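Have a look at the structure below before the remarks.
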Amino acid sequence: MSMIPEPPLTAFGSNEPRRWVRVPAVVDGHLAASQGMILYASQMVSPGDAIILGAGSCQEIPLPALTDRFASVTLNDWKESLLERVSISSEQTSKVHRLVADLTGVTVPFLERVAESLGVTDDPDRAIERIAELADAVTPQVFSTGRSYDLVVASCVLCQLHLEACNQTLSLFGSKFPEHLQRFRASTRWVQAMYDLARRMERAFVETLHGLVAPNGRIYLSETIQGCFVHPDPEGHWMTDGMYRMTHTLELSDYLDARFHIEEFGKWVWVMPPFQEQGPVGRIYKVQGLILSIK
400 MSMIPEPPLT AFGSNEPRRW VRVPAVVDGH LAASQGMILY ASQMVSPGDA IILGAGSCQE
460 IPLPALTDRF ASVTLNDWKE SLLERVSISS EQTSKVHRLV ADLTGVTVPF LERVAESLGV
520 TDDPDRAIER IAELADAVTP QVFSTGRSYD LVVASCVLCQ LHLEACNQTL SLFGSKFPEH
580 LQRFRASTRW VQAMYDLARR MERAFVETLH GLVAPNGRIY LSETIQGCFV HPDPEGHWMT
640 DGMYRMTHTL ELSDYLDARF HIEEFGKWVW VMPPFQEQGP VGRIYKVQGL ILSIK
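Counting in my numbering, the sequence shown runs from 400 upward without gaps.
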């Protein structure tokens, strides 16, 4: 991946001109690396309780091995429909518990306020300012179940926390002001407000991780630090306009304070080829993973 240019872009976009380059050959290591680190962390702790935050369909989670190892495994996501996609065998049923909860408490109330604000104005500029004000006013919550866990897994959740609120806000605005949607997307006021909200959500999530893990437990935290979109050219080569920074900095460990100790560190590449899961545009991510204990 070193040949791909890395301009100072963020997940919220850039006004810099696009510079297309060919992507060098890369090998997808996401599934093996993720499962390997999670399994390694699971062997470092007592076989009591584990929780998978933002579990989704558990694509990179070694769920059968975790249910063999732990007395209980809690799967969390903010939508029940996402957890219903998880395939659980009859042997696993008694150990697996589904927990539907928004990890920051932001998404639903924020979107309700956005919808209300759009319902009382026909001025797109005023709507943009009001939505930005709503984002500025949000204080994310620290999530708790009232229990502690021997293993806490947060696989590529951190920088996804704001996405539903962001994307649904764009959809709501586009429904009300379709001709002004692109202006809203590019609005400095909106972009900065959502960027700041995303960072606050991430800080609250780190507090959540610390609060959920047992004193001698472990946290598995991974994230897509950078990503790029890949487009096939007529000859079949993959082309990209550069890597986008997706996290606050280029080091996942920068989210941590002195309460956390890094037991293990890993990094790898996650490849989603074009014309597969993501449609005609593929994606490549640089991922970092950490196994953490608390002091």
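Glycine included, every Cβ here is placed at the ideal spot set by N, Cα and C. These numbers come from a predicted model, not from an experiment.
Cβ shell of residue i (< 7 angstroms), same chain only, five flanking positions each side left out
i	result
residue 540	503, 504, 603
residue 610	541, 543
residue 596	534, 537, 561
residue 509	533, 537, 564
residue 652	661, 689
residue 434	459, 461
residue 608	551, 553, 618, 620
Cut-off 6 angstroms between Cβ atoms - residues of its own chain near residue i, not counting five sequence neighbours on either side
i	result
residue 426	none
residue 419	638, 640
residue 482	474, 476, 497
residue 468	441, 446
residue 529	516
residue 501	477
residue 579	523
residue 444	549, 550, 616, 617
residue 521	none
Beta-carbon spacing of residue i, residue j below 9 angstroms
i	j	result
residue 626	residue 654	no
residue 438	residue 423	no
residue 571	residue 517	yes
residue 495	residue 478	no
residue 684	residue 645	yes
residue 682	residue 670	yes
residue 549	residue 616	yes
residue 667	residue 432	yes
residue 590	residue 691	no
residue 588	residue 527	yes
residue 451	residue 465	yes
residue 585	residue 532	no
residue 650	residue 624	yes
residue 601	residue 557	yes
residue 453	residue 484	no
residue 576	residue 523	yes
residue 618	residue 553	yes
residue 693	residue 614	yes
residue 567	residue 506	yes
residue 436	residue 678	no
residue 605	residue 672	no
Local Cβ density within 10 Å of residue i, reported as buried at 16 or more and exposed below that
i	result
residue 492	exposed
residue 648	exposed
residue 622	buried
residue 574	exposed
residue 674	exposed
residue 687	buried
residue 680	exposed
residue 430	exposed
residue 459	buried
residue 480	exposed
residue 401	Note that residue 401 has pLDDT 40, beneath the 50 cutoff, so the model's placement of it is unreliable and no number is given.
residue 489	exposed
residue 472	buried
residue 551	buried
residue 519	exposed
Strand pairing of residue i, partner residues [DSSP]
i	result
residue 671	682
residue 513	BP columns for residue 513 are empty, so no partner.
residue 660	692
residue 548	612
residue 687	622, 666
residue 420	639
residue 553	452, 620
Short CB-CB distance (under 9 angstroms) between residue i and chain B
i	result
residue 507	The structure shown contains no chain B; it holds only a single protein chain.
Close-in-space but distant-in-sequence residues of the same chain around residue i (CB under 8 angstroms, 5 per side omitted)
i	result
residue 470	446, 447, 448, 494
residue 545	none
residue 512	533
residue 463	488, 491
residue 428	667, 668, 669
residue 598	647
Alpha helix (DSSP H) runs wholly inside the region 423-508, at least 4 long, in chain order
As far as the region 423-508 is concerned, its whole alpha helix (DSSP H) runs of at least 4 residues are 429-441, 462-468, 479-482.
Extract the residue ranges of the alpha helix (DSSP H) inside the region 580-645, only unbroken runs of 4 or more that lie entirely within it.
580-585, 587-611
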